[in-house]
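Quick note on UniProt numbering: the sequence shown kicks off at 1 and runs consecutively.
Ideal Cβ placement from N, Cα and C applies to all residues, glycine included.
Given the structure is predicted, the values throughout are model-derived calculations rather than measurements.
Structure, as structure tokens:
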Amino acid sequence: METIVAPITRKTLSVLKEYFGFDSFRTPQEEIINDVIVGNDVLVLMPTGGGKSLCYQIPALIRSGVGIVVSPLIALMEDQVTALRLQGIRAAYYNSSLTSKEAKNVLIQLHNGELDLLYIAPERLINISFLERLKECNIALFAIDEAHCISQWGHDFRPEYAALGVLKAQFPYVPIVALTATADRQTRQDIVEKLNYVPNKYIASFNRPNIHYKVVPKIHALKQLNQFLRSVEQQSGIIYCGTRNSVENLVEKLQTTGFKARAYHAGLSHDERKEVQTLFRYDRIDIVVATIAFGMGIDKPNVRFVVHYDLPKNIEAYYQETGRAGRDGLPAQTLLLYDAADSARLRSWIVNNPLDEQRYVETNKLNHMLAFAEASHCRRQILLRYFDESSETKCEYCDVCDNPPITADATEDAQKFLSCIYRLRQNYGLMHTIDVLRGSTSDKIKQYGHEQLSTFSIGKDKSIHYWKQLAWQLIHKEYCIQDMNHFNVLKLTPKAIPLLKGEEKIFLTLPNKEPQHDKRKSKERRPIQSTNSPLFEMLRVLRRKLADEENKPPFMIFSDATLHAMTEVKPQSMEQLLTVPGVGQHKLARYGSQFLNALKEYTE
């Protein structure tokens with residue numbers, strides 16, 4: 001084995017540098033690549049931005065034949081193919097966006113062995129006539145991107161993906177590389193079964209150390225969002241909302257306050273969605289406000305923040321969507337706003353699922369998401385443990401580590417809240433219960449005579465925000481529930497009885513107003529200073545000029561991370577420029593002289 005691995009390693013490193021501009025692999029890229037090169041099937045779990053694509057792109061360049069890549073979205077294929085061609089790789093895509101003449105040319109290239117990589121939609125690949133055509137070609141490998149779409153337990157199930165099991169039967173000696181950024185143990189097993197293969201499994205660390213995680217209970221959501229956006233102004237970001245109406249309403253408000261934002265959801269026409277994607281990829285708008293329909297097709301490394309304006313339905317979705325930030329390795333921010341109404345909305349959606357088993361699975365996943373939102377300890381640890389990865393040390397780069405919450409005896413206030421539910425005969429919702437506790441004199445309270453209740457005004461010393469947080473934790477800990485079948489009224493559970501009787505105590509977490517620890521570690525990961533330096537801005541202007549001339553997204557010329565490396569190294573020759581991470585032979589030949597001239601001009 002040793003006599004095989006060493007030459008393979010030399011070859012893979014040579015290809016890595018020549019085409020992609022890097023000198024070394026990340027763990028476990030090299031092991032995966034070598035495994036595929038010798039013909040083995042693999043299943044790869046690697047976080048977004050972790051370098052999954054190299055795990056099939058490099059073997060496709062080294063093995064004989066063409067690599068067939070299954071990709072779920074047209075926009076994603078187009079971005080990847082454009083980027084590969086800039087790096088000197090013979091790549092094409094075959095999908096419904098092509099004219100008949102263009103499609104015919106791609107098939108001719110495929111038949112003549114003129115392609116290194118062909119990107120294709122799953123429904124086209126499993127077409128019987130196309131499979132027969134492939135049998136006449138030399139196939140290096142099959143790569144199945146976003147492989148969690150295969151599984152009914154995955155958060156983006158696509159029926160056409162489930163049909164990809166025919167590949168192993170019809171091409172038994174062609175290695176299959178299935179790749180995903182998010183898949184729990186059940187989803188991983190489903191992928192293996194549906195593909196009818198026995199892969200070597202590689203699970204990279206799910207940790208994204210450059211991403212800061214923050215969760216905030218909704219109080220004044222728009223005000224909270226605006227405050228966050230002012231801190232990341234003129235940076236690229238995505239805001240996820242739970243419904244189309246929320247998307248449209250939020251975009252209108254953001255545009256009114258001066259943000260360059262556009263809406264994206266399934267209700268827009270194909271042309272409208274494509275326009276928004278293009279504007280975002282080309283850095284012509286800063287913010288996309290979207291439903292979950294947006295993101296999988298966006299290959300944009302310089303997204304600096306992701307906001308969830310509503311609670312995601314599971315941790316897989318949250319992890320994948322937040323993972324669209326900071327793919328270039330530079331610091332990125334995330335913000336999740338949540339309240340009890342989000343939980344009620346998602347539980348209602350789950351209840352309407354006609355399949356018992358799926359209801360059980362989705363409820364369990366939502367409970368994990370709620371536990372993450374309500375966490376009183378390191379959020380990164382919770383994410384990693386969910387994906388079966390142990391983490392003994394706190395990350396010092398999430399809101400909980402920045403500002404550890406106080407755990408306090410909340411028995412008396414919990415009794416007040418639960419007693420109020422009881423006095424209201426378990427017929428009213430969260431806000432009405434809080435209004436009674438705080439002694440509101442609203443017309444509704446007077447209409448029903450609730451100012452006469454013994455619990456009226458017994459919580460007037462606490463804010464609405466305080467009672468919302470306490471209520472949310474009591475709901476999460478199952479002392480009370482929101483009845484989704486009856487207008488989300490609050491009802492007590494048997495668990496509340498011993499607490500109301502004073503037979504047990506309850507400790508809940510309350511946020512601190514001021515950080516409680518030295519934040520030096522967090523500061524180390526704030527956006528790099530040279531990002532805003534005059535040299536960086538000069539290089540960014542040059543990149544924009546070249547991108548506009550070639551009608552390409554700026555990041556396809558060089559990433560922000562590569563521009564930052566140029567400001568650090570300040571190369572003065574083509575040889576020195578080639579040492580910058582992200583500068584390969586083909587991009588050096590294409591853009592090297594322009595960037596070298598700019599660097600020399602700055603240093604003179």
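Alpha-carbon to alpha-carbon, residue j and residue i
i           : j    : result
R379        : C137 : 48 Å
R273        : M77  : 16 Å
V400        : Y338 : 16 Å
R544        : F280 : 14 Å
D435        : I497 : 23 Å
residue 605 : A598 : Absent from the model: residue 605. The displayed extent of the chain is 1 to 604, so no value can be given.
H517        : S231 : The predicted position of H517 is uncertain, since its pLDDT is 39 and thus under 50; no value can be drawn from it.
L546        : R590 : 10 Å
A121        : Y161 : 9 Å
E102        : N95  : 10 Å
L134        : V42  : 21 Å
E549        : L542 : 11 Å
K468        : Y318 : 23 Å
R124        : F130 : 7 Å
Y56         : L141 : 8 Å
L330        : N210 : 6 Å
Q594        : K600 : 10 Å
D190        : N196 : 10 Å
V580        : E18  : 12 Å
T603        : P554 : 24 Å
Y240        : Y213 : 15 Å
F294        : N249 : 17 Å
R284        : Y119 : 27 Å
A143        : G67  : 7 Å
Y282        : D560 : 13 Å
W472        : T278 : 40 Å
P301        : L492 : 47 Å
H270        : Q152 : 26 Å
L84         : T12  : 17 Å
Boundaries of the beta strand (DSSP E) in which residue i is found, first to last residue
i    : result
G67  : V66 to V70
Y173 : It is not in any beta strand (DSSP E) - Y173 carries neither H nor E in the DSSP assignment.
H308 : V303 to H308
V288 : I287 to A290
A143 : I139 to I144
L474 : Element bounds for L474: not the beta strand (DSSP E) but the alpha helix (DSSP H), I464 to H476.
T334 : A332 to Y338
K491 : V489 to L492
Unbroken alpha helix (DSSP H) run spanning residue i, endpoints
i    : result
Q415 : T411 to R423
G429 : Looking at the DSSP string, G429 is not in any alpha helix (DSSP H), and its letter there is neither H nor E.
A496 : A496 to L500
Q29  : Q29 to I37
L596 : Q585 to T603
R544 : P534 to E550
I191 : R185 to L195
Local Cβ density within 10 Å of residue i, reported as buried at 16 or more and exposed below that
i           : result
H450        : buried
G242        : buried
E478        : exposed
residue 643 : The structure shown does not extend to residue 643, since the chain is modelled only from 1 to 604, so the question has no answer here.
A408        : exposed
I108        : exposed
G584        : buried
Q320        : buried
S53         : buried
R10         : exposed
Q333        : buried
M46         : buried
T182        : buried
Rounded distance between the beta-carbons of residue j and residue i, thought under 8 Å
i           : j    : result
L563        : L539 : 5 Å
D116        : L61  : 6 Å
G49         : R26  : Contact doesn't hold; Cβ gap of about 10 Å is too wide.
Q381        : K394 : 7 Å
V59         : I33  : For clarity, residue 59 is Pro in the given sequence; the question names Val instead. 6 Å between Cβ atoms; contact.
V177        : V15  : Their Cβ separation, rounded to whole angstroms, is 16 Å, which puts V177 and V15 out of contact at 8 Å.
residue 608 : T433 : With the chain covering only 1 through 604, there is no way to say anything about residue 608.
As assigned by DSSP and simplified to three states, the class of residue i
i    : result
Y94  : strand
S236 : strand
H220 : coil
K394 : coil
T562 : helix
R327 : coil
N353 : coil
N200 : strand
H377 : coil
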